[in-house]
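Protein chains in written order, with the numbering used here: chain A, 1 to 207; chain B, 208 to 414.
Number of protein chains: 2
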Amino acid sequence: MVKDISTEQRILEAARRVFMKKGMAGARMQEIADEAGINKALLHYYFRSKDKLFEHILMEVVGRIATSLKSMMELDIPIIQRLCFFVEIYVDVLMENRYLPLFVLTEINQNPERFASMIREHIVVNMQDFIVQLEDEIEQGKINPVHPLHLVSSVLGMIIFPFAAFPLIEEAMGDNFAPLARNFLNQRKEVVKEFVINALTPKNHDK
Amino acid sequence: MVKDISTEQRILEAARRVFMKKGMAGARMQEIADEAGINKALLHYYFRSKDKLFEHILMEVVGRIATSLKSMMELDIPIIQRLCFFVEIYVDVLMENRYLPLFVLTEINQNPERFASMIREHIVVNMQDFIVQLEDEIEQGKINPVHPLHLVSSVLGMIIFPFAAFPLIEEAMGDNFAPLARNFLNQRKEVVKEFVINALTPKNHDK
DNA sequence: ATATTATTTAACTATATGGTCAAATTTATA
DNA sequence: TATAAATTTGACCATATAGTTAAATAATAT
């Protein structure tokens, strides 16, 4: 018999929503079942345990992140453009799912080994290429010297923060007016790119 | 009768550790009791419920953050120096408690109203002063134009990220060698300050 | 010393929650 | 159509967990 994909799909979508919002510890199997419009027994029929279901969702998420990393590394362009490209696509991903950063950060802290091994499965080479290119461009004086891990931390931090702290941003925009907040998040693309460009481009000493 | 402060203190320290690491949903009253070297009943004797205890810890935390914000605003210095000062003290705070960022971000998302009201209690004026000063210096051409909320998001993001993603940083440093990771976090002070200075200082068009 | 008040504990309760099971129902197949 | 297989359900079970209670102990005041 052919498996009915729609039930499984509904479960996965529900699980994603609930896990993302509440985290592994805060999520309830009952809530996931309700959200999917089924009962708990069926939930366990499809995914044996909460852990299994969570791992499934986590894998999906890591995969999506890996995909955007990979697409950044595919083109043969300078570091700054590479970073700008990354900012662009990553903000787009987060616009679709603002809980992603906090979800991932929580998992990184709650179960570092599992997360690390998942990352290792997906992202293999890439990073080394990036480091080499960065050191290259620094040596050529094309960009200011910076440790790769520091650079990545800075860019990721700038991208992620407003999404992870979204309710605070909303509050700061006043009146909980969602469109304004959404607009702010979209502006991050340009702001972060400009910030990075300014920070990395050497000042002209002889112009 | 005088309350024995040491038991209450031990409870609060235990609660802080457990809540910080596991979050509200992941924390267990039993674990807090164990960590404090007492039993659950006594825990409930001092703090009636898990919620009450959590709120207590959260208040403490918000207070600490408010303190470092206030100390940043006390001195009468240019924006860039103000930010540098903030980076300095905030990284120091996080070196003492690396779980703080994730803890706060989680709470912001899980209970935005409560968090916002706590913030409002502590931080009242300040922010407006900061915004006015920023716009002032931009007009004077002393720094590049940037929306205050974007600037704060960028700086906070850069500071917070490596702490929130600490296990990943450890992994990236190789061999889970803690001192290297600690050292990396300390370097953030200089790196972020330099990043901010470079990003905000206008390029010299006529030197 | 004795009464009073605060602290601490062991044992308990109620409920939430992850998970199971056997039976019913639907869907595919011979 | 009859049979087998997959899907779905309601009713359960076991355990974890927040919270309670009554009684014991320690500290303080009279």
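C-beta: ideal position from N, C-alpha, C; glycine also.
Buried or exposed (CB count within 10 angstroms, at least 16 for buried), residue i
i	result
A/K40	exposed
B/I376	buried
B/G244	exposed
A/G174	exposed
B/G230	buried
B/D413	Bear in mind that a pLDDT of 44 at B/D413, under 50, signals an unreliable position, so the model cannot answer this.
A/I77	exposed
B/A406	buried
A/N186	exposed
A/T106	buried
B/N390	exposed
A/G157	buried
B/F310	buried
A/K3	Because A/K3 sits at a pLDDT of 46, beneath the cut-off of 50, its placement in the model cannot be relied upon, and the point is left open.
A/V18	buried
B/F384	exposed
B/S360	buried
B/A388	buried
A/A25	exposed
B/E215	exposed
B/A222	buried
A/E13	exposed
A/E74	exposed
A/L42	exposed
B/F235	Just to set this straight, residue 235 of chain B is Arg in the shown sequence, not Phe. Exposed, because fewer than 16 other Cβ atoms sit within 10 Å of the Cβ of B/R235.
B/E328	exposed
A/E139	exposed
A/E113	exposed
A/E171	buried
Distance cut-off 8 Å: residue i Cβ against heavy atoms of the ligand SAH
i	result
A/H122	Absent from the structure shown: the ligand SAH. Ligands present: none.
Endpoints, alpha helix (DSSP H) assigned at residue i
i	result
B/I350	Taken as a continuous stretch (DSSP letters only), B/I350 belongs to no alpha helix (DSSP H), as it is neither H nor E.
A/A27	Element bounds for A/A27: n/a, residue is neither H nor E.
A/V183	Residue 183 of chain A is actually Asn in this sequence, not Val. Per DSSP, A/N183 belongs to the alpha helix (DSSP H) from 178-200.
A/G63	50-74
B/R305	From DSSP, B/R305 is part of no alpha helix (DSSP H); its letter is neither H nor E.
B/A248	247-253
B/P415	The structure shown does not extend to residue 415 of chain B, since chain B spans only 208 to 414, so no value can be given for it.
A/A165	No alpha helix (DSSP H) holds A/A165; DSSP gives it neither H nor E.
| Given 8 Å, three or more beta-carbon pairs between the segment 86-103 of chain A and the segment 163-174 of chain A | yes
| the segment 290-302 of chain B touching the segment 398-408 of chain B, judged by at least three CB pairs closer than 8 Å | yes
| How do the segment 149-163 of chain A and the segment 333-342 of chain B stand: do at least 3 beta-carbon pairs fall below 8 Å, yes or no? | no
| said: Under 8 Å, CB to CB, which of the residues in the segment 292-315 of chain B have a partner in chain A? | reply: Y306, L309, L312, T313, I315
| Going along the segment 134-163 of chain A in order, which residues come within less than 8 Å of chain B, judged by CB to CB distance? | N144, V146, H147, L149, H150, S153, S154, L156, G157, M158, I159, I160, F161, P162
| query | Within the chosen definition, does the segment 127-147 of chain A reach the segment 42-50 of chain A through at least 3 CB pairs nearer than 8 Å? | reply | no
| Mind listing which residues of the segment 229-242 of chain B have their C-beta closer than 9 Å to chain A's C-betas, in chain order? | K229, G230, M231, A232, G233, A234
| task | Could you name the residues of the segment 181-200 of chain A whose beta carbon sits closer than 9 Å to any beta carbon of chain B, in the order they occur along the chain? | result | F184, Q187, R188, V191, V192, E194, F195, V196, I197, N198, A199, L200
| Along the segment 319-331 of chain B, what residues have a CB closer than 7 Å to any CB found in chain A? | P319, A323
| message | Along the segment 49-81 of chain A, where does the CB come closer than 7 Å to a CB of chain B? Name the residues. | response | none
| request: Could you tell me whether the segment 51-59 of chain A touches the segment 67-76 of chain A, where touching means 3 or more Cβ pairs closer than 8 Å? | output: no
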